[in-house]
Each structure stands twice: as structure tokens, then as C-alpha cells.
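Chains as they are written, first to last, in our numbering: chain A, 1 to 291; chain B, 1 to 323. Idealized CB from N, CA, C, for every residue including glycine. Below: one structure, written as C-alpha cells.
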Amino acid sequence: MKKKRYFSRGVMFLLCLIFAVMFLMPTVLTITNSFMSEAEINANYGMVFSTTTGGYVSKTVNLKFIPDKVTLSQYIDGLIKSPEYLLKLWNSIFLVLPIVIFQLAIASVAAYSFTRWRGKFRAFIFFFYVILMLMPYQVTLVPNYLVSEWLGILNTRWAIILPGIFAPFSVFLLTKFMRRIPYVQIEAAKVDGAGEWDIFTKICLPQCRSALYSIAILVFIDYWNMVEQPLILLEDAESQPLSVFLSSVNTGEVGLAFALAVVYMIPTLLLFLHGEEYLIEGIAHSGSVKG
Amino acid sequence: MIWLNRIYTSGGELASECETERATINTMDNRRRQRNKTKREDFFRSLCFLMPSLLGVGVFFILPFFVVVYYSMIDGVSSRNFVFLDNFIKLLDNSAFKMAAKNTLQFSFTAVPLAVVLAMGLALMLECRIPGKSRFRTFFLSPMMVPVASVVLIWQVLFGYNGTINEFIMLFGADRIDWLQSDYCQIVVLILFLWKNLGYNMILFMAGLANIPKELLEVADVEGASEAYKFFAIKLRYLSPTVLFVTILSLINSFKVFREVYLLSGDYPYEKLYMLQHFMNNTFRSLDYQKLSAAAVLMALFMVGLIAFLFWAEDRFGKDVEG
């Protein structure tokens with residue numbers, strides 16, 4: 001009996017190992033390949049991207065983990081020599097950071113309202129937020145586009161930032177976190193004569209610190225990854241974020257694309273390594289739409 | 001005289017009783033008024049806190065959505081004749097829309113069940129006390145943090161016509177497949193989708209599994225229940241709200257798969273990969289408001305219907321364990 005259990009656990013472990021390799025491989029490959037020289041990339045992947053820029057192109061594709069010669073030349077080319085890529089990276093940052101900061105600020109106030117006062121009216125609005133949260137982009141982009149047009153902010157950053165700030169996702173998640181704060185604490189503070197703003201800033205917010213962090217990570221990834229909104233709401237290529245731009249850089253300079261791809265994933269990977277526990281907690285709490 | 005006196009006194013008592021009663025009525029009235037006042041104040045306060053968010057949501061989502069509904073029922077932004085359902089009928093006749101809807105649905109109906117079942121499998125696998133559990137959790141979750149744009153290159157290397165997977169296939173003497181330009185293209189996107197989303201779903205399932213009362217499983221163990229029985233009779237039932245949520249979430253994410261397709265094969269992919277978002281993007285380019293609005297309204301209705309159905313199903317089949 002015991003032997004059997006050890007055996008099944010061994011099988012599970014092996015399965016996990018296989019899955020882990022599958023999950024990690026693309027990321028690791030991207031990172032290691034970014035240290036290859038342009039020539040080596042061309043030699044290895046020339047067949048796929050058919051960029052016969054001279055030199056040796058191998059007949060078959062070599063998926064290689066470890067570069068023959070580690071070089072930073074791709075990074076130097078991408079970041080220092082041609083500032084246009086750096087500009088795209090700034091675009092990404094300038095789009096995402098305001099969204100994360102203001103969305104959290106507005107959401108925390110709204111979540112406090114949903115936590116502190118219950119009632120049919122508020123329950124209805126909360127339900128509405130949930131429905132809105134579940135709507136795909138295809139639905140919400142049309143209203144966003146119309147408003148941006150009326151406000152005259154189409155083709156500016158604001159067309160993406162403003163709707164992003166009011167996205168209901170973080171309101172929903174933060175409310176779930178806040179509702180776990182014992183109501184007694186709020187009541188006690190009230191008896192002691194604290195105003196609503198005091199209760200909010202001195203009792204609710206400090207207890208939601210980890211929640212805010214985890215939601216910030218989730219929102220950051222979501223918008224860092226965005227492609228749909230800039231494609232529709234930002235027409236000129238100049239202000240596109242790196243995510244959209246990466247797909248157009250692919251064809252010509254593959255080596256450069258690898259380096260930029262790595263640069264692009266650095267912020268999210270750092271966030272992940274630093275805040276994994278918070279992130280997992282955040283995801284786990286998003287787990288039920290009801291209640 | 002005494003009785004008279006008694007009447008007087010009782011009268012007095014009566015009067016005083018009346019007075020106290022009036023007083024209590026008074027205070028009750030006051031209290032109600034007070035309560036109403038605090039209620040009104042509370043309402044006002046709650047609205048103050050809610051206002052920034054509500055205002056933004058109203059301006060950017062709700063009000064324009066009403067306009068979208070209105071646009072979907074008129075024949076043109078300039079002429080504004082009310083045509084009711086004509087735009088919808090036209091839309092349903094539109095071949096591009098039909099193709100996009102068909103592809104999207106086809107993709108969703110394969111991707112969502114796989115995303116749910118595989119993620120549950122991963123979560124259950126990590127539940128068996130294997131060494132390095134949290135390491136594996138990190139590994140499985142990591143794709144979520146990698147922007148799609150960053151790994152598309154690897155996908156192209158893997159699935160290109162001259163790519164690694166075709167090399168592998170040819171090793172076994174089979175014909176190579178033009179993955180992105182044939183009917184197999186949805187598989188490529190499906191793998192990317194699963195790679196990206198399984199980790200998130202797995203965490204949700206792990207949270208769900210952690211909520212199952214330990215005693216229940218211990219009792220089942222003592223009673224000698226089989227693993228299969230434990231899974232179907234206990235775990236699956238407790239997981240039913242999680243299954244619902246993961247299904248909804250994966251469904252929404254599967255509608256977002258345009259992102260992957262766009263990054264893999266641009267604006268004009270192989271026709272099997274022409275998704276609803278492609279249709280929307282192209283319609284945006286031609287600025288056909290009527291078509292856009294009708295499509296948005298139709299999709300919103302579809303989503304609401306689908307979510308309502310999922311809630312109903314969860315209510316029906318997962319009810320007995322709640323609470």
C-alpha cells in the first residue's frame with residue numbers, strides 16, 4: 001500500500017516536472033536567445049523568418065538554449081543606438097502607471113462605500129459593476145471610442161488612460177478584501193467619534209495594504225499586455241506602446257526583437273518575483289463572483 | 001365623595017398615562033425621524049465615496065452604451081431614422097461577422113473546457129504532497145507574467161513552416177504542417193492561450209480546494225472511499241463555484257485571444273483565425289457605427305445570457321454544499 005502511494009507520487013512529480021519544463025521553456029528560450037549575436041540568430045532561425053541577410057543560414061532550425069557566444073550587442077543596438085524603441089517603452093510606462101495609480105485610488109474609495117454601507121441601491125450598483133467587469137473588450141471598446149470622440153481625446157493617451165482608470169475590476173476585488181475587515185472595528189471607531197474619512201484612511205486602508213499591492217500587480221500586467229485598445233484608440237504609430245510595436249519589429253531584425261522582448265518582460269517578471277505571494281492571494285480572492 | 005375623588009384621581013392618572021403615551025409616541029416619532037435622517041446622511045455619505053468611480057463608469061461605459069443601443073437601431077448617424085432591428089438582421093447576414101462569430105465560438109468552446117479541466121488537473125496534482133510544491137506553483141504561474149508580445153517569437157520558431165515542431169514531425173516521416181496557414185492554426189493559438197491562462201486558473205482551483213473541510217476528506221479516508229469517489233462526491237461539489245468562476249473568466253479571456261492572433265499573424269490572419277475582434281477592428285477602420293453598435297449590443301446580450309445560464313447551472317447543481 002505504501003509502496004503504491006510512493007509510486008503514484010513519483011508519477012505525479014514526473015508529470016509536474018514535464019509540465020514545468022513546458023511552461024518555462026518559452027520564457028527561458030526568449031531570454032537566452034536575446035544574448036545571441038544577430039549572426040547566430042540568423043543562422044539558427046533564418047529559415048523561419050526568412051531574412052536572408054547574407055552569411056550562413058542553416059538548413060534546419062536550431063532551437064538553442066545556450067548561445068555560442070554571450071553578447072549584449074542586441075541590447076546595445078535596441079536601447080542605446082536607436083532611441084525609438086526606448087520611446088515605445090516610455091509610451092508603455094506612461095500609459096500603464098497612471099492607470100494603475102488612479103484606478104487603485106478611485107477603486108479604494110468606491111470599495112469603502114460598498115463595504116461600509118449596504119442597501120438595495122448599492123447592491124444593485126455592485127451587481128452592475130460585476131456585469132461590466134465581465135464584458136469583453138469588443139463590447140466596451142465601442143462606448144469608449146464614442147466618448148473619446150466626443151471629448152476630443154481620440155488618438156491621445158487619455159483615450160486609453162481615462163477608461164482604464166474607471167475599470168470596475170479593482171473595485172470588485174478590493175470590496176471583497178475590505179468586507180473581511182471586522183465591522184466591529186469600524187463601529188468602535190465611529191463611537192469614538194472618528195469621521196468617515198478617518199475610518200477609511202486609518203482603519204480600512206492600512207489593513208488593505210497587501211490587497212492593494214496584489215491588485216496593483218494584476219492591473220499592471222493586464223494593461224502592460226494591452227494590444228486592442230492602442231490599436232483602435234491610438235492611430236499614429238508614434239505613440240504606440242511596445243507591445244504593439246514588437247509585432248512589427250519581428251520580421252526584419254529578429255535578434256533585436258528578442259532583446260526588446262526581454263526588456264519588455266523585465267518589469268512584470270520583477271513584480272512577479274517580488275510579489276508572488278500577494279499575487280496568489282489576490283487571484284485566490286477574485287475566485288468567486290457571488291457574495 | 002370618595003368615589004368622586006377616585007374618579008378624579010383616576011382621571012388624573014388617565015391623563016398622565018395619556019401624556020406618557022403621547023410622549024412615547026413623540027419620541028418614537030423623533031427616533032424615526034432621527035433614523036431617517038441618519039439614513040439619508042448615510043446615503044449621502046456613501047454616494048460621496050462612490051461618486052468618483054460612479055461618475056467615471058457612467059461617463060465612459062454606461063451612458064455611451066445607451067447611445068450604442070440607440071445607434072444600433074437607427075439607419076445612420078446623420079439621418080437618424082428609427083429602423084429597430086434592421087441593423088441586427090444585416091449584421092447576422094454579414095459573412096465576415098458570421099465567420100468571426102463562428103471562429104470565436106469554436107475557439108471558445110474548445111479552449112474553455114480545456115482551460116478548466118487542465119487547470120483543475122494541475123491543482124489536484126499539486127495537492128498530492130509532491131516535493132517542491134511551491135516551486136512548481138511558481139513555474140506554472142510564470143507565463144501569466146510574461147507579455148504575449150515577448151514570447152510570440154518563440155511560438156513562430158516552434159510552429160513556423162520550417163519550425164522546430166515540423167522538424168520533429170518530419171523525423172517520424174510524416175508530412176510537415178503549415179501551422180499558421182492551415183486549419184491547424186487554432187491549435188497554435190490554443191496552446192498559447194492555455195500556456196498563458198492555466199496558471200491563473202490553477203491558483204483559483206487551489207484556493208477552492210483549500211476551502212474544502214479537512215474533516216470531510218478524513219472521514220472519507222477512514223471509511224475507505226476511493227480517490228475517484230472522493231473527487232466526484234466531495235471535491236467537485238465544493239469546487240462548483242470555482243468551476244463557475246473559472247469558466248466565466250476563461251470565456252472572457254478566450255474572447256481576448258485576438259491579442260495572441262494579432263501578434264502571431266497580424267491584421268489579416270488565416271481565415272480560421274479571423275476573430276470577432278478582427279471584425280470589430282476592421283469595422284472601426286471604416287467607422288460604420290451602425291454595424292459596430294449592433295455587434296456590441298448583440299455581444300453584450302450574448303454575454304449576459306451566457307453568464308445568467310452559468311449562474312443558473314451552478315445554482316442548480318452546486319447548491320447543496322453552499323454555506
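Give the range of the alpha helix (DSSP H) segment to which residue i is assigned.
| i | result |
| --- | --- |
| L118 of chain B | 95-127 |
| M276 of chain A | According to the sequence as given, residue 276 of chain A is Glu; it is not Met. E276 of chain A -> alpha helix (DSSP H) spans 254-285. |
| E187 of chain A | 183-191 |
| K88 of chain A | 83-116 |
| N253 of chain B | 240-255 |
| G58 of chain B | Run containing G58 of chain B: none; DSSP gives neither H nor E here. |
| K272 of chain B | Taken as a continuous stretch (DSSP letters only), K272 of chain B belongs to no alpha helix (DSSP H), as it is neither H nor E. |
| M303 of chain B | 289-317 |
| Y70 of chain B | 63-71 |
| R176 of chain B | No alpha helix (DSSP H) contains R176 of chain B, which DSSP labels as neither H nor E. |
| P131 of chain B | Taken as a continuous stretch (DSSP letters only), P131 of chain B belongs to no alpha helix (DSSP H), as it is neither H nor E. |
| T175 of chain A | 169-178 |
| T71 of chain A | That residue, T71 of chain A, is in no alpha helix (DSSP H); it is neither H nor E in DSSP. |
| R122 of chain A | 120-134 |
| Y262 of chain B | 258-265 |
| Y137 of chain A | 137-151 |
Would you say residue i faces chain B, with C-beta separation under 8 Å as the test?
| i | result |
| --- | --- |
| F127 of chain A | no |
| T71 of chain A | no |
| N91 of chain A | no |
| R157 of chain A | no |
| F169 of chain A | no |
| R180 of chain A | no |
| R209 of chain A | no |
| N225 of chain A | yes |
| V139 of chain A | yes |
| S214 of chain A | no |
| F13 of chain A | yes |
| C16 of chain A | yes |
| F272 of chain A | yes |
| M36 of chain A | no |
| N42 of chain A | no |
| G287 of chain A | yes |
| G55 of chain A | In this prediction, G55 of chain A scores a pLDDT of 42, lower than 50, which makes its location untrustworthy; no coordinate-derived value is stated. |
| A261 of chain A | yes |
| L29 of chain A | yes |
| S243 of chain A | yes |
Is the beta carbon of residue j closer than 8 Å to that of residue i?
| i | j | result |
| --- | --- | --- |
| N81 of chain B | I74 of chain B | yes |
| N103 of chain B | L273 of chain B | yes |
| S108 of chain A | S46 of chain B | no |
| L89 of chain A | L242 of chain A | yes |
| Q240 of chain A | Q277 of chain B | no |
| V262 of chain A | T30 of chain A | yes |
| T268 of chain A | V146 of chain B | yes |
| E271 of chain B | F193 of chain B | no |
| Y213 of chain A | V96 of chain A | no |
| V244 of chain A | V227 of chain A | yes |
| V69 of chain B | V246 of chain B | no |
| L260 of chain A | Y85 of chain A | yes |
| M170 of chain B | P136 of chain A | no |
| A111 of chain A | T175 of chain A | yes |
Would residue i pass as an interface residue toward chain A - the criterion being a Cβ-Cβ separation below 8 Å?
| i | result |
| --- | --- |
| C185 of chain B | no |
| L4 of chain B | Because the pLDDT of L4 of chain B is 45, which lies under 50, any placement of that residue in the model is unreliable, and the number read from its coordinates should be weighed accordingly. So no, L4 of chain B is outside the interface. |
| Y200 of chain B | yes |
| W326 of chain B | Residue 326 of chain B is absent from the model: chain B starts at 1 and stops at 323. |
| L276 of chain B | yes |
| R259 of chain B | yes |
| F309 of chain B | no |
| W312 of chain B | no |
| R316 of chain B | no |
| V67 of chain B | yes |
| R45 of chain B | yes |
| G56 of chain B | yes |
*At least three beta-carbon pairs within less than 8 Å, the region 105-117 of chain A to the region 31-49 of chain B*: Yes, since at least three Cβ pairs between the region 105-117 of chain A and the region 31-49 of chain B fall closer than 8 Å, the two stretches touch.
*Indicate whether the contact test is met: 3 or more Cβ pairs, each with one atom in the region 142-152 of chain A and one in the region 228-244 of chain A, closer than 8 Å.*
Yes: at least three Cβ pairs fall under 8 Å.
*Does the region 111-131 of chain B come close enough to the region 197-210 of chain B that 3 or more CB-CB pairs lie under 8 Å?*
Verdict: yes, contact present.
*Touching by the beta-carbon criterion (3+ pairs, under 8 Å), the region 128-137 of chain A and the region 187-199 of chain A*: By the Cβ rule, the region 128-137 of chain A does not count as touching the region 187-199 of chain A, because fewer than three pairs are nearer than 8 Å.
_With three or more C-beta pairs closer than 8 Å as the rule, is the region 213-226 of chain A touching the region 99-111 of chain A?_
The region 99-111 of chain A is in contact with the region 213-226 of chain A.
*Are the region 162-178 of chain B and the region 237-247 of chain B touching, with three or more C-beta to C-beta distances below 8 Å?*
Fewer than three pairs of CB atoms, one per stretch, sit closer than 8 Å, so the region 162-178 of chain B makes no contact with the region 237-247 of chain B.
*Evaluate contact between the region 228-235 of chain B and the region 99-119 of chain B, counting only Cβ atoms and requiring at least three cross-stretch pairs below 8 Å.*
With fewer than three CB-CB distances shorter than 8 Å, the region 228-235 of chain B does not count as touching the region 99-119 of chain B.
_the region 144-160 of chain B touching the region 19-36 of chain A, judged by at least three CB pairs closer than 8 Å_ = Contact between the region 144-160 of chain B and the region 19-36 of chain A is present, because at least three Cβ pairs lie under 8 Å.
*For the region 277-295 of chain B against the region 135-142 of chain B, are there 3 or more C-beta pairs whose distance is under 8 Å?*
Note that the region 277-295 of chain B does not touch the region 135-142 of chain B; fewer than 3 beta-carbon pairs, one per stretch, sit closer than 8 Å.
*Cβ contact (3+ pairs, closer than 8 Å) linking the region 286-304 of chain B and the region 152-165 of chain A*: As far as the Cβ criterion goes, the region 286-304 of chain B does not touch the region 152-165 of chain A, which means the pair count is below three.
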